[in-house]
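Chemist: Each residue of the sequence shown is one higher than the one before, counting from 24 in the numbering used here. All C-beta atoms, glycine included, are put in the ideal place defined by N, C-alpha and C. Note that this is a predicted model, so its numbers are computed, not measured. Have a look at this one.
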Amino acid sequence: MKQKKIRIAAATTTCYFACRFSYLKKLVPIDRTVIVTDQHVYQSHASLFKGWNTIVLKAGEAYKIQPTVDAVIEQLVNMKADRHMWLVGVGGGVITDLTGYIGSIYMRGINVGFVPTTLLAMVDAAIGGKNGVDHLTYKNLVGTIRQPSFLLYDTSFLKTLPDSEWKNGLAEIIKHAVCFKPALFRELEKNNLGFYRRNKRALNRLIEKNALLKFNIVQEDETEQGLRRLLNFGHTLGHAIEMIYTVSHGEAISLGMVAAARLSAQLNGFKATVRLQQLLAKYGLPTQATFDLDKLMRVMEMDKKKTGKLVHYILLEQIGRAQPQLLSFPVIRNLLNQLP
Ligand SMILES: NC(=O)c1ccc[n+]([C@@H]2O[C@H](COP(=O)([O-])OP(=O)(O)OC[C@H]3O[C@@H](n4cnc5c(N)ncnc54)[C@H](O)[C@@H]3O)[C@@H](O)[C@H]2O)c1
Ligand SMILES: [Zn+2]
């Protein structure tokens with residue numbers, strides 16, 4: 024196991040990489056801890072939860088809503104949970120977003136830790152302190168920014184992760200590689216998913232590298248004024264695709280990344296679009312689709328990250344170097360319309 028303390032503003036998060044779930048007993052007092060998890064994780068790993076106070080929620084984004092928060096708070100009250108209690112989210116990004124939020128508002132804030140159990144939560148969702156819930160069609164509209172005290176990484180959880188969920192995490196890993204890390208991009212080109220699934224050490228290293236990459240960005244820019252924006256690569260269009268079509272987050276941002284790479288070729292002379300497409304395809308992600316551009320533009324214009332009529336579109340200069348560019352919607356529409 025490898026321990027790493029990361030300071031973000033006034034908070035410190037300790038990461039326990041290549042760890043075992045059983046180590047949780049050393050991090051929190053079992054009699055003053057409530058675990059929040061979902062039905063899928065609970066059913067797939069039931070024996071791990073023996074002896075722990077556990078709240079089991081229904082799984083899925085549809086339950087990342089205020090009524091779930093209220094139901095958990097009611098259970099905490101029934102358990103007589105006081106402000107010395109720990110709340111530990113064991114699950115994917117839905118559970119870590121919910122647990123982080125509940126932990127930051129219950130009694131004005133109690134101790135929180137996470138055990139991410141999806142690849143996406145390990146390298147992305149559980150990191151950075153953003154948490155909260157959806158409201159009607161608005162994703163993550165309500166929430167807080169607050170860092171968890173620890174993240175415990177036990178990659179044996181991933182043995183039960185469905186293939187479709189692996190792809191969501193891989194899309195974010197490829198995003199990290201193409202925006203920041205040429206060496207990681209080459210490593211991913213050389214290997215494939217089967218290799219990482221068979222080779223626990225390589226998988227642990229891949230996850231640690233990607234988690235630390237996100238931590239470093241959040242450390243520099245907790246509130247998304249600059250560097251953290253680059254993590255939105257592929258997401259401006261990707262979120263719109265995800266809202267309109269029945270595709271997963273990973274599939275949507277894969278398509279968003281390809282479109283952004285093509286815009287980068289037009290605007291900045293980016294030359295590696297085909298390499299990016301090949302890498303995405305190697306990890307089972309889509310690189311081509313036909314869209315209703317008018318619909319996509321309408322959804323993009325509602326995006327909460329826009330600045331007036333302009334949007335910080337993240338473009339590539341080369342593999343490993345991304346830059347935000349302020350573009351207006353008519354310009355984006357025009358550029359997307361010209362794509363081959
Ligand atoms: N806070 C952030 O910065 C941030 C960043 C990215 C995404 N997110 C949020 O994360 C969420 C998506 O996260 P996710 O993809 O992990 O979704 P999720 O939590 O819904 O998990 C995906 C599915 O996998 C199941 N699952 C989880 N772990 C499992 C395991 N080990 N074995 C078998 N099944 C398992 C879950 O029950 C669920 O059905 C979204 O709500 C998104 O908004 C937050
Ligand atoms: Zn994403």
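With 16 as the cutoff for other CB atoms within 10 Å, does residue 203 come out buried or exposed?
Modeler: So residue 203 ends up on the buried side.
Chemist: The beta strand (DSSP E) spanning residue 27 covers which residue range?
Modeler: Start and end: 25–31.
Chemist: Any heavy atom of ligand 1 closer than 8 Å to the beta-carbon of residue 364?
Modeler: Nothing about residue 364 can be read from this structure; the chain reaches only from 24 to 363.
Chemist: Can you round the beta-carbon distance between residue 295 and residue 342 to whole angstroms, since I take them to be within the 8 Å contact cut?
Modeler: So it is a contact: roughly 5 Å between Cβ atoms.
Chemist: At a threshold of 8 Å, does residue 186 count as lining ligand 1 (C-beta to nearest heavy atom)?
Modeler: No, the beta carbon of residue 186 sits no closer than 8 Å to any heavy atom of ligand 1.
Chemist: Pull the bridge partners of residue 335 from the DSSP assignment, please.
Modeler: 349.
Chemist: Taking only runs of the beta strand (DSSP E) that begin and end inside the region 162–247, which ones reach a length of at least 3 residues, in chain order?
Modeler: Entirely contained in the region 162–247, the beta strand (DSSP E) runs reaching 3 residues are, in chain order, 173–175.
Chemist: Any idea what DSSP makes of residue 309, helix, strand or coil?
Modeler: Of the three classes helix, strand and coil, the one that applies to residue 309 here is coil, per DSSP.
Chemist: In three-state terms, what does DSSP make of residue 117?
Modeler: It is helical.
Chemist: According to DSSP, is residue 158 helix, strand or coil?
Modeler: Strand.
Chemist: Can you tell me whether DSSP reads residue 40 as helix, strand or coil?
Modeler: In this structure, residue 40 counts as strand in the three-state DSSP scheme.
Chemist: Indicate whether residue 121 and residue 59 have their beta-carbon atoms separated by less than 9 Å.
Modeler: In contact: residue 121 and residue 59 (Cβ atoms closer than 9 Å).
Chemist: Output the boundary residues of the alpha helix (DSSP H) element that contains residue 88.
Modeler: Segment: none, residue 88 is in no alpha helix (DSSP H) and carries neither H nor E.
Chemist: Any chance the CB of residue 67 is under 8 Å from a heavy atom of ligand 1?
Modeler: Answer for residue 67: yes, Cβ within range of ligand 1.
Chemist: Along the chain, where does the alpha helix (DSSP H) containing residue 58 start, and where does it finish?
Modeler: Premise fails: residue 58 lies in the beta strand (DSSP E), 56–61, not in any alpha helix (DSSP H).
Chemist: List the whole-angstrom C-beta distance separating residue 251 from residue 240, where the pair is believed to meet the contact cut-off of C-beta under 8 Å.
Modeler: Indeed they touch by this definition, with Cβ atoms about 5 Å apart.
Chemist: Give the DSSP-derived three-state secondary structure of residue 259 in the structure shown.
Modeler: In the structure shown, residue 259 sits in a helix (DSSP, three-state: H, G or I).
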